[in-house]
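Working notes, structure below.
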Amino acid sequence: MAAIVPLSHAAIMPPRASSSKTTVIAGILAGLLAAGLGAFYLHQQSAPQADKAPAASSQTAAPEQNARAINALMALPEIKAWSAHIEKASSGRAHGAVMETSPETRLVDGAAYYQLSFFENTPDAAHRWESFVVSPDGKRILVDDIVSAELISLEQWRKDNAPMQRVATQ
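For this note's numbering, count along the sequence shown from 1 and bump the result up by 639.
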């Protein structure tokens, strides 16, 4: 089951008063997104993929490891800045969210990593901003570069993509 953690409800952002209608709609959209991503993931897993390493089940991992990985990702300055920008630019109608995008962990150099993404959750849709893999202890975070299909370090990602500029130019 995919875990969805809205950043507006995490310790990163102070609690905001919002209408229950908006909250219900956001919850429905997040659920639909999770279901859609799950169906897409299952479809992708049924297709032959010789270049993918076999994945280990995250169902055997402790829930606190999942929480540590999510909290480590949410603590990144880029994620905090993106979430604050989304809240401000939308006047609170959209929120940043970290979501587990696969029910299974991904093997990287023989170690299992959680597959997480940062989404902009609007009243109309959810938009993926970036995808990451995070070690269960939260100490190692890699960026899943979908263009090159490579995992890159945070340092390389920051150098090549200047993610903080993403909010400065919008």
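Don't be surprised by glycine CBs; every beta carbon is placed ideally from N, CA and C.
Please read all numbers here as calculations on a predicted model, not as lab measurements.
Would you mind sorting residue i into buried or exposed? The rule is 16 or more other CB atoms within 10 Å of its CB.
{"i": "Pro702", "result": "exposed"}
{"i": "Asp748", "result": "exposed"}
{"i": "Gln754", "result": "buried"}
{"i": "Lys756", "result": "A small correction: the amino acid at residue 756 is Ser; Lys does not occupy that position in the sequence shown. That one is buried."}
{"i": "Glu739", "result": "buried"}
{"i": "His766", "result": "exposed"}
{"i": "Val786", "result": "exposed"}
{"i": "Glu794", "result": "exposed"}
{"i": "Ala788", "result": "exposed"}
Taking the alpha carbon of residue i as the point to measure from, which residue in the options has its own alpha carbon closest?
{"i": "Ala750", "options": "Ser774, Asn705, His724", "result": "Ser774"}
{"i": "Leu746", "options": "Asp799, Lys798, Lys727, Asp783", "result": "Asp783"}
{"i": "Gln704", "options": "Glu743, Gly777, Ala788, Glu789", "result": "Gly777"}
{"i": "Ser741", "options": "Ser792, Ala801, Arg732, Val772", "result": "Val772"}
{"i": "Pro762", "options": "Ala720, Ile725, Arg707, Asn800", "result": "Ile725"}
{"i": "Leu790", "options": "Leu781, Arg797, Lys798", "result": "Leu781"}
{"i": "Ala728", "options": "Gln795, Glu759, Trp796, Ala711", "result": "Glu759"}
{"i": "Tyr752", "options": "Ala723, Val737, Arg779", "result": "Arg779"}
{"i": "Ala708", "options": "Ala720, Thr744, His734, Ser722", "result": "Thr744"}
{"i": "Lys798", "options": "Glu717, His734, Trp721, Gly735", "result": "Glu717"}
Can you tell me where the beta strand (DSSP E) with residue i in it begins and where it stops?
{"i": "Ala720", "result": "From DSSP, Ala720 is part of no beta strand (DSSP E) but of the alpha helix (DSSP H) over 716-728."}
{"i": "Glu739", "result": "734-739"}
Would you give the residue range spanned by the alpha helix (DSSP H) that residue i belongs to?
{"i": "Pro702", "result": "702-713"}
query = At what residue ranges does the segment 753-805 contain a whole run of the alpha helix (DSSP H), taking only runs of 4 or more?
reply = Within the segment 753-805, the complete alpha helix (DSSP H) segments at least 4 residues long are 793-800, listed from N- to C-terminus.
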